[in-house]
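> Chains as they are written, first to last, in my numbering: chain A, 84 to 355; chain B, 153 to 443.
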Amino acid sequence: MADFLHNLLHFVPVTGPIEWLYIIASLLAVVVLIVILQSLPQQARRPMILVVTFLGGLFYALEFLLPTHHMVVGKTPMSGNFLTPGILVFGQLSPIIAGFGIGLGVFNLVQIHGKRVIKASTGAFFSYTFFASMLAMCTVNILQQAHPNAINKNLNTLLFDGGLQSLDATMFSIIAFYIVSAAYRAFRVRSLEATLLLGTAILVMLGQIPIGTFLTHALPHALRIEVIRNWILTVPNAAAIRAIAFGLGVGALAVALRIWLGLERGSYFDTQ
Amino acid sequence: MNLLRLLQTIDRRYLYALLILTVVLPFFMHIQLPVAIEPATEDLYDAVEALPRNSFVLLAVDWSAGTRGENGQEQMAIMRHLMRRHLRFGMIDFADPQGKQLGEEMALQLEKQFGYKEGVNWVNFGYQIDMADYLKSFVLNVPAQVKTDIHSTPIADLPVMRGIHTMKDIPLLIDITPSGSYQTFIQFVQGPYHNTVKMGVALTAIMAPEAFNYLDSHQLAGIVPGLTGAAEYEARYAQEYDPSLVKGSKVTQYSNSSSFAHLLIIALVIMGNVAMVLERRQNRPGRRGAH
């Protein structure tokens with residue numbers, strides 16, 4: 084019992100039949116936790132969320148801020164403090180928790196499309212398509228993982244490489260047509276700023292392509308289109324992007340602090 | 153409708169047809185234009201060149217089939233260089249599950265040319281989620297965080313991972329991405345380990361302008377910007393190792409199509425503006441012929 088508790092509290096990996104005991108115990112613990120959380124009164128939910136959020140952020144903040152020293156975790160030497168071994172544990176836990184998000188997303192989609200199919204509402208055909216493609220892709224992938232024979236591998240290649248990847252590339256390629264049409268209609272010199280923007284865009288676009296390089300290769304170095312383009316990207320453009328990045332960074336820090344300290348209003352924090 | 157008005161309002165279907173022609177025709181023409189190698193691309197090339205033989209490089213394959221035209225060519229060019237320099241590399245994917253598959257296919261395609269073998273010279277760590285938390289742990293203990301490769305083989309058993317324990321053992325990280333994922337790498341990998349880890353990015357052309365900031369601050373060692381960058385990287389590689397590579401290569405073909413498409417957009421924009429200016433002059437009050 085002492086070993087069991089030690090392994091549980093220190094996240095020590097186990098193998099063999101005892102692994103099933105840990106899996107069953109974890110599942111039971113999760114069920115009990117969900118029942119407790121669901122039975123909490125509405126007034127207790129907000130403080131619970133605030134405390135968990137604050138402790139989660141506090142862990143990472145303290146681990147970063149506290150002084151570090153040379154240490155060995157397992158057999159790996161590293162620089163850290165007493166909280167650093169916890170980073171390794173949470174690094175493995177957080178993808179599992181994030182994986183729940185994928186499950187939640189699938190559940191949500193099934194709920195929405197399922198309602199459409201049951202009510203036979205407008206667009207139900209697309210919901211049928213969604214279910215058919217999801218089932219086909221899941222089945223083929225699971226079969227390929229469980230029994231990687233030639234048939235399953237070819238089916239997976241057909242659906243994933245031939246279907247999904249080709250469709251993904253096609254959807255992205257459509258953007259090119261919209262860009263041509265939009266650039267032709269929208270890039271009009273109605274003001275001085277628009278003229279400057281258009282001129283700069285043309286210089287950068289010409290500098291981007293080998294034909295542009297070829298057209299100016301006989302000119303002095305400073306007048307070549309690729310040199311001008313490089314100057315535009317590394318001087319005025321970099322200055323503007325840096326200013327925007329500073330603003331975004333400060334804004335992100337402010338929002339992060341508000342969320343960490345529970346000052347943010349939103350679906351998580353307000354009453355439903 | 154007069155000609156000037158017509159030139160400003162060409163039906164978009166004609167524009168789409170013109171675009172298809174400009175993209176497809178270069179595939180039937182043999183055009184070899186000179187490629188000017190930009191300093192940013194040259195810097196990343198030099199960073200790879202400077203690595204001692206058998207060093208380990210972390211290659212983040214954060215792209216999907218949608219950006220295969222740019223990121224795919226960048227990956228081929230960089231991977232070819234890594235293999236030529238006898239460098240070990242590990243691929244990891246945070247953005248889209250397609251990336252791990254696409255990276256694996258490219259590595260399998262190239263490995264025959266250079267006598268590389270999966271597990272011995274390169275490894276695929278697969279698709280991972282929750283990038284920030286994962287990286288915080290990855291940098292402290294690589295084998296403990298990754299555990300197995302894409303084929304469920306424990307990575308601690310693989311010869312390619314010999315001597316790789318923490319991020320300090322990985323001197324170069326290259327992120328191939330169409331998004332801003334490189335900023336998370338800068339935050340959690342390059343920043344804390346800036347003394348031992350260099351970082352480069354291979355981006356789509358539309359994202360490249362944002363990354364020049366980080367080049368300026370020396371947080372990035374180099375940038376390969378879009379299809380043009382891939383062509384530059386390939387040209388630089390060809391200069392040193394294989395001059396026949398650029399002749400009729402895919403990057404050259406795609407680059408030609410891209411060039412013609414760019415010229416089409418520039419021509420249409422200029423034509424529309426010239427027509428607009430001339431029409432305005434024509435319609436000025438008091439001018440003969442004004443409506």
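For each residue, glycine too, the CB sits at the ideal point set by N, CA and C. Keep in mind it's a predicted model, so treat the numbers as computed, not measured.
Based on the DSSP secondary-structure assignment, which residues constitute the bridge partners of W274 of chain B?
B:F241, B:E270
> For I281 of chain B, which residues of its own chain have a beta-carbon under 8 Å away from its beta-carbon, when the five flanking residues on both sides are left out?
F246
> Please report whether the beta-carbon of G218 of chain B lies at a distance below 7 Å from any beta-carbon of chain A.
Cβ-Cβ to chain A under 7 Å: yes for G218 of chain B.
> For the region 406 to 426 of chain B, list every residue whose C-beta sits within 9 Å of some C-beta in chain E, in sequence order.
This model lacks chain E altogether; the protein chains it does include are A and B.
> Roughly how many angstroms lie between the CA atoms of F173 of chain A and P249 of chain B, to the nearest whole one?
22 Å
> Sort out for me which residues DSSP pairs V155 of chain A with in a bridge.
Within the DSSP secondary-structure output, V155 of chain A pairs in a beta bridge with A:P160.
> Taking DSSP's pairing of strands, which residues face T329 of chain B in a bridge?
B:L355
> Under 8 Å, with one C-beta from each stretch per pair, do the region 297 to 317 of chain B and the region 175 to 187 of chain B reach the 3-pair mark?
The region 297 to 317 of chain B vs the region 175 to 187 of chain B: no contact.
> Can you find a CB in chain B that lies within less than 7 Å of the CB of Q291 of chain A?
By this cut-off, Q291 of chain A is an interface position.
> May I have a chain-ordered list of the alpha helix (DSSP H) segments no shorter than 4 residues that lie completely inside the region 231 to 261 of chain A?
233 to 239
> Starting from F147 of chain A and walking both ways along the alpha helix (DSSP H), at which residues does that stretch end?
125 to 148
> Compare the C-beta of L158 of chain B against all C-beta atoms of chain A and say whether one is closer than 7 Å.
no
> What are the residues in the region 252 to 278 of chain A lying within 7 Å of chain B by C-beta distance?
A252, M254, F255, A259, F260, V263, S264, A266, Y267, F270, R271, V272
> Alpha carbons only, please: which of B:L379, B:S401, B:A229 is nearest the one belonging to H414 of chain B?
B:L379
> Does the beta-carbon of Q194 of chain A have 16 or more other beta-carbons within 10 angstroms, so that it is buried, or is it exposed?
The residue in question, Q194 of chain A, is exposed, as its Cβ has fewer than 16 Cβ neighbours within 10 Å.
> According to DSSP, is F270 of chain A helix, strand or coil?
coil
> Where does K399 of chain B fall in DSSP's three states?
coil
> When DSSP builds the beta bridges, which residues end up paired with G374 of chain B?
B:G352
> Do you know offhand how far M217 of chain A's Cα is from Q405 of chain B's?
36 Å
> How do the region 310 to 322 of chain A and the region 392 to 406 of chain B stand: do at least 3 beta-carbon pairs fall below 8 Å, yes or no?
no
> Give the list of continuous beta strand (DSSP E) stretches no shorter than 3 residues that lie fully inside the region 277 to 345 of chain B.
Listed in chain order, the complete beta strand (DSSP E) runs (minimum 3 residues) inside the region 277 to 345 of chain B are 324 to 329.
> Taking contact to mean at least 3 C-beta pairs separated by less than 8 Å, is the region 334 to 345 of chain A in contact with the region 239 to 248 of chain A?
no
> How would you call Q102 of chain B, buried or exposed, if buried means at least 16 neighbouring beta carbons within 10 angstroms?
Any answer about residue 102 of chain B is impossible in this case: the structure gives chain B only from 153 up to 443.
> Could you work out which residues of chain A lie near Q164 of chain B, taking near to mean beta carbons separated by less than 7 Å?
Residue identity differs from the one stated: residue 164 of chain B is Arg in this sequence, not Gln. Close to R164 of chain B, with beta-carbon spacing below 7 Å, are these residues of chain A in chain order: S264.
> Checking 7 Å against the spacing of the C-beta atoms, do A192 of chain B and I375 of chain B come in under that value?
yes
> Give me the residue from B:G221, B:E270, B:N223 with the minimum Cα distance to L239 of chain B.
B:E270
> Whether or not the region 252 to 263 of chain B and the region 413 to 429 of chain B are in contact is what I'm after, with contact meaning three or more pairs of Cβ atoms, one per stretch, closer than 8 Å; do they touch?
no
> In angstroms, rounded to a whole number, what distance separates the CA positions of S409 of chain B and I294 of chain A?
11 Å
> Please say whether Q248 of chain A and A169 of chain B have beta carbons closer to each other than 7 Å?
Their beta carbons are not under 7 Å apart, which means A169 of chain B does not touch Q248 of chain A by this criterion.
> Does DSSP put L58 of chain A in a helix, a strand or coil?
In this structure chain A extends from 84 to 355, so residue 58 of chain A is not present and cannot be described.
> Which residues does DSSP pair with A212 of chain B in a beta bridge?
B:I244, B:D327
> So, helix, strand or coil for L187 of chain A, using DSSP?
helix
> Going by DSSP in three states, H182 of chain B sits in which element: helix, strand or coil?
coil
> Roughly how many angstroms lie between the CA atoms of L138 of chain A and T167 of chain A, to the nearest whole one?
The alpha-carbon atoms of L138 of chain A and T167 of chain A are separated by roughly 15 Å.
> When the Cα of M243 of chain B is compared with those of B:P186, B:L254, B:T356, which residue comes out closest?
B:L254
> Go to G282 of chain A, then tell me how far its alpha helix (DSSP H) extends in each direction, as first and last residue.
275 to 291
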